[in-house]
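One point on numbering: in my numbering, the residue at position 619 of the sequence shown is 640, and numbering is uninterrupted.
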Amino acid sequence: MSSYRSEYQRSIQHPETFWAEQAERLPWVSPPTRILEYDEQGHARWYADGELNLCHAALDHHIEQGRGEQAALLWDSPVSGGKLRLSYAELRDRVARFAGALRDLGVEQGDRVVIYLPMVPEAPIAMLACARLGAVHSVVFGGFAPHELAVRIEDAEPKVVVAASCGIEVDRVLPYPPIVRAALEQSAHRPEACVILQREQCLAELGEGEHDWATLEAAAAPADCVPVKATDPLYVLYTSGTTGKPKGVVRDTGGYGVALHYSMEAVYDMAPGEVFFSASDVGWVVGHSYIVYGPLLRGCTTVIYEGKPVRTPDAGAFWRLIAEYRVKAFFTAPTAFRAIKKEDPEGLHLKDHDISCLKALFLAGERLDPPTFHWLKGMLDVPVVDHWWQTETGWPIAANLQGVEPMPPKAGSATVPVPGFDVRILDRSGHDAPALEQGSVMIKQPLPPGCLSGIWRDPERFQAAYMAAFPGYYLTGDAGYLDEDGYLFIMGRTDDVINVAGHRLSTGEMEEVVGGHPAVAECTVIGIHDALKGQVPVGLVIPKDGFDGDEATLERELVARVREMIGPVACLKQVLVVDRLPKTRSGKILRKLLRHIADGEAFGVPSTIDDPASLNDVHEAMVARSLGSAERARQQ
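Following this line, the structure appears as structure tokens:
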């Protein structure tokens, strides 16, 4: 591990020198001389006097280096039947023209543009067009409800909203303009114009203030790149907040560009010309960092997929894409593979595709449970890399760095902190916890380049949410531990650590045990209120497809399994078999919502939920078993 340790220690002990060297790899308009500074609240600001344009770095620069004919973007849409290849030159030309169209609508440097699009080529085109003008984009996941779109429009105050005529799901076509119009009716802010991308599956009749994308793009003169300061915002991306009001995470331009370029090589081992595939959505941070900006800054080819891991058409969709586009590195969420494992537990679809091009599989977005890790390791002859990061950080905090020094993996661990991230485990008193002892996962300041620079127009909330708990540290909100080898284990959010009769127990550890049963495809463990012990754990499990055993027997086996492997102190005595679990569109199980249901607390259906009907399944199971106060929650 000498190579990794040397790189990591240099990044922590000499951050200015380390990140100055990394900055030299981007094409700056005006290279920075002031590498690291701090604002009045003590937050790091990187490359304050540097100027660049991230669209130029992602497109024009590679064309100048002779990569104009290389594929920049490969779009594959089984839900629409469409495919498209855009070279770097073709993508740059479309981006420049759409930037010109936005300019014709009055968009200037510093203005905001809300982008409400499905996974179509025009999504990254719109993002890069904003970056080209120095405008700030805010991408909202296509299909979000009118109220959620309205609060984002009201907070960002965009000059223009860009939307599609529809999104295409597996079993339906969802028109977008009615959602946008309803959102604008609810918002106190009114943009000056809306641009509608017409899709043949559902053409929209344009109303007042609405413009056709194709018409605008055809009539526009290409726009040149506008240099901006490294500390100027590139985008605002909204993430859920504890108050109910979404937090607008602000990403700067220069630090983000440097961090992504570094991570594409150090973490993902990608070189210019190679193909990178991230099965996410541009509405999430993964889509921003590793569908759009990261691969293009590195000179790679990025795959944009409009489909699902299953049912488009089957559980072999990812294998088909990897084989067809000769993907070197693939990145998705563990929940995607749990869905595949449920439908194809033997991995039979894999045999239909030649994926010898694949050199590594990366998973993030939630903890990679050991059963899924071992399932993947048993099928694939490539590294299976669990890595951990957040919307707020913008790139990985911990990973098995394939481009620096690959290390032996440990199931359940995100391996080691990435250079730049000084990760500490603090106990409740704010002291460093010893190896193997769980505590709050913190990052000692300064945060490296690429992390959030604030909350949009709310510096007090930024300070209170992330920096106030332990001065000098960034609060991740996750619980975990470091082992004797320095490997980091993330066990879940801090509120997923439950207190059973005075014993602090990780629900993530129990999920690991439950998920290891051969009949279980997916599971979660939540802590619910108990009058005697404070909290007790309850498991909810989804069996694998084809399971024909007795559910009551399975439940008893899982209870016994936890008792045997963790001990009676875990006190897991109830397991419920369900057909599905409520998740966000990015695949995270809504554990907090499940706790509210079980404890009889009032709750709202979050905007990020993928399948609202899944709540009914959980309701019915909990009420049928007289679990907690679920019936009271149902009545509310």
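The C-beta atom is built at its ideal place from N, Cα and C for all residues, glycine as well.
As summarised for the segment 249-328, the continuous alpha helix (DSSP H) elements at least 4 residues long and confined to that stretch are 275-287, 315-318, given in chain order.
Scanning its chain for C-beta atoms nearer than 7 Å, with the 5 sequence neighbours on each side dropped, one finds around L281 the residues S310, Y314, G315, L318, W416, G471, in chain order.
Between S527 and G513, the alpha-carbon positions lie close to 8 Å from each other. Contact check for G507 against V405 fails: the beta carbons are separated by 8 Å or more. Taken atom to atom, the span from the alpha-carbon of V590 to that of Y29 is near 39 Å.
Counting along the chain, no beta strand (DSSP E) covers G121; the unbroken alpha helix (DSSP H) around it starts and ends at 109-125. Spatial neighbours of A420 in its own chain (CB-CB distance under 7 Å, excluding positions within 5 residues in sequence) are listed in chain order as V288, V406, H408, A435, T436, V439. Put simply, the backbone Cα of G121 is about 49 Å away from that of C544. Separation of the CB atoms of L509 and L503 is rounded to 6 Å, and the pair is thereby assigned contact status at 8 Å.
Bounds of the beta strand (DSSP E) holding T353 are 350-353. DSSP places G513 within a strand segment (E or B) once states are collapsed to three. Per DSSP, the continuous beta strand (DSSP E) segment holding F383 begins and ends at 381-384.
Between the segment 376-383 and the segment 115-135 there are fewer than three inter-stretch CB-CB distances shorter than 8 Å, so the stretches are not counted as touching. A residue is called buried when at least 16 other Cβ atoms come within 10 angstroms of its Cβ; A209 does not meet this threshold and is exposed. Just so you know, the alpha carbons of G275 and I217 end up roughly 31 Å apart. Taking C-alpha positions only, V201 is separated from R211 by approximately 11 Å.
Contact between the segment 140-148 and the segment 265-274 is absent: fewer than 3 CB-CB pairs across the two stretches fall below 8 Å.
From the listed residues H158, E367, V191, A203, the smallest Cα separation to A171 is found for A203. In the structure shown, P438 adopts extended strand secondary structure according to DSSP, grouped into three states. Within the segment 341-420, the runs of alpha helix (DSSP H) at least 4 residues long that lie entirely inside it are, in chain order, 355-364, 391-400. About 20 Å separates the beta carbons of M428 and R445, which is beyond the 8 Å limit, so they are not a contact pair.
Shown here, P199 sits in a helix according to DSSP, grouped into three states.
For W49, the secondary structure class from DSSP, reduced to helix, strand or coil, is coil. Inclusion of H374 and A336 in the CB contact set at 8 Å is not warranted, their separation being larger than that value. Taking 8 Å as the cut-off, the Cβ atoms of I610 and Q556 do not count as close.
Taking the Cα of V598 as reference, the smallest distance to any Cα among T605, P564, M586, R582 is reached at P564. Closest option to L614, judged by alpha-carbon separation, among I587, G548, V562, A581: G548. Between K349 and M291, the C-beta spacing is below 8 Å. Counting other Cβ atoms within 10 Å of its Cβ, P53 reaches 16 or more and is therefore classed as buried. With a threshold of 16 other beta carbon atoms within 10 Å, G102 falls short and is exposed. Taking C-beta atoms under 8 Å as the contact rule, T323 and F352 fail to qualify, at a distance of about 11 Å. Comparing alpha carbon positions, the residue from G475, M643, A581 closest to R66 is G475. Boundaries cannot be given for K554, as no beta strand (DSSP E) includes it and DSSP labels it neither H nor E. Taking the CA atoms as reference points, E578 sits about 16 Å from P558. Secondary structure in the segment 475-499: the alpha helix (DSSP H) runs of 4 residues or longer, each lying completely within the stretch, are 480-483 in chain order. Annotation for C215: the continuous beta strand (DSSP E) segment containing it runs 214-218.
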